[in-house]
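This report refers to the structure that appears directly beneath it.
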Amino acid sequence: MTGRRYITILIGAAIVSSWVLALDAARAQSVRLPGGGVEVEVKIKIASGDEAGARQKALDEAKEKAVRDFIDSRVPPGVKKDKIERIKEIASSSESYVTSWETVLEETGEGVLTLRARIELDENKLLSAMRSAAVYPVRSIPKVFIVVAGTMNGSAMDSAWNQGGFQAGDMNPCEEAMAREMARYGFEIVSPRRGAPGANVAAIMNPQGEEERTRVFETVSGLYGGEAVIIGQAVTSRLGEEGADKETGEATLRVAVADSTKKRLIWSGKYEEQFLARTPVSDLEGMEKVCSMAGSEAAEKLFVAWTPTFKPGEERMIELTVTGLGSYSRMTTLKDRLAESPGVEKVRIGMVGGEEMVFNLTAKAGAESVVDWLAEIDLEGSRLRVEKWDETSIFASVKPAGP
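Per this note's numbering, residue 1 is the first one in the sequence shown, and the count goes up by one each step.
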């Protein structure tokens, strides 16, 4: 795998303006086990007294349920809904991903067989199948940098990245709520250290013109070692009284999601939530609710943006750039081995210049399968190390083989 990508989330009316100018589990239960694997319980009706047939059916369903649960835990609901047919196809081949299983409990009663099994999965193989089926991002899920600022019931709500004097501190309630939602689906959040150097949130939030937007992307990605940035603002306010002792509050959040690598907007939206505001805690709850909603949808949008759009088995072009081959024999060896890579239909040598050589691959498999294959190739005692890759390009260099 290559280095992580960073994402930008831009929040608040001014920010948006500046940047924009379920699978059925009814018959089975599962429990994730601390030592790995999953424990699944299934109930099957015994037809015509055939306990052996019911036992096999229960075991098959338990394996399929384990695979479905693995997918459920890693794919946001909106993505699952869009990819439901492909997910069903993967789950129907559950035997391919089960490395071991053990029956923990089996009992019968009233014509029903109850089976509980502990099932171990080849998670890497399953993730690879999800990527090939365009259900999962082709690389690591992007690392997310969140900056939200604003006001809560008239009081300033600073971002964790600017707690005064450009020093970092703890996440505010909105940042925390968004981070929780995104972390549910595997997104790693860039967390500031208290007292560490912060960021000029005001400058990042409201860039003026394309040049400043580009500078924001470059500055933040360079400073934090990634390829994107997150920015934000949210507000709670009072709308008026509903009675002698009642008051209505409203939490508002505008959000936009951008890909800094391609320097383009992915999505933008607005969230509003009214609440009965009797105490300051009411504002906190309203703020957390809109920020949780935004975090959940942002996770889905980012997930989709990093997931391949090609159909399984669809032919695609992949450009492999290799530095340091150094000899004609290595070039021909690599070309021949690439032709043996699963899913690669054709290999053509493209541009050759200096230390770099480009191979153009016609493939029906994702780039990840080519990356895995490259790790197995021996080039006269040297190995290929993949520096970075995406679904259409791979950059690798030749390095001496390790001990």
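Ideal placement from N, C-alpha and C gives every residue a C-beta, glycine not left out.
Judged by DSSP secondary structure, G109 falls within the beta strand (DSSP E) whose first and last residues are 98-109. The way I'd put it, the stretch 98-112 doesn't touch the stretch 336-352; fewer than three beta-carbon pairs between them come closer than 8 Å. A contact is defined here as three or more CB-CB pairs under 8 Å, and the stretch 266-285 fails this definition with respect to the stretch 46-54.
Exposure of M351 is indicated by the presence of fewer than 16 other C-beta atoms within 10 angstroms of its C-beta. Straight across, the Cα-Cα distance linking Y328 with D336 is about 12 Å. Bounds of any beta strand (DSSP E) do not take in K335; it lies within the alpha helix (DSSP H) bounded by 328-339.
For E61, the three-state secondary structure derived from DSSP is helix.
Inter-segment contact for the stretch 87-102 and the stretch 49-66 is present: three or more beta-carbon pairs are separated by less than 8 Å. The count of Cβ pairs closer than 8 Å, one atom from the stretch 272-292 and one from the stretch 161-181, reaches three, so the stretches are in contact. At a cut-off of 3 residues, the continuous stretches assigned as beta strand (DSSP E) that sit fully inside the stretch 259-325 are 264-276, 316-323.
Residue environment analysis places L320 among the buried positions, since at least 16 neighbouring C-beta atoms fall within 10 angstroms of its C-beta. By the 16-neighbour rule on beta-carbons within 10 angstroms, M317 is exposed. Only residues of its own chain outside the window of five on either side were considered, and among them A375, I377, V398, K399, P400, A401, G402 have a CB closer than 8 Å to the CB of R383, listed in chain order.
The C-alpha of D259 is placed about 24 Å away from the C-alpha of K81. With a beta-carbon spacing of about 6 Å, G324 and E355 fall inside the 8 Å limit used to define contacts. Residue range 393-400 is occupied by the beta strand (DSSP E) that includes S393, with no alpha helix (DSSP H) assigned at that position. Secondary structure at F217: helix, using DSSP grouped into helix, strand and coil.
When secondary structure is reduced to three states using DSSP, N360 falls in the strand class.
With respect to V79, E300 sits close: the two C-beta atoms are nearer than 9 Å.
Taking 9 Å as the cut-off, the Cβ atoms of V104 and F303 do not count as close. Between R194 and S159, the alpha-carbon positions lie close to 12 Å from each other. DSSP places P197 within a strand segment (E or B) once states are collapsed to three.
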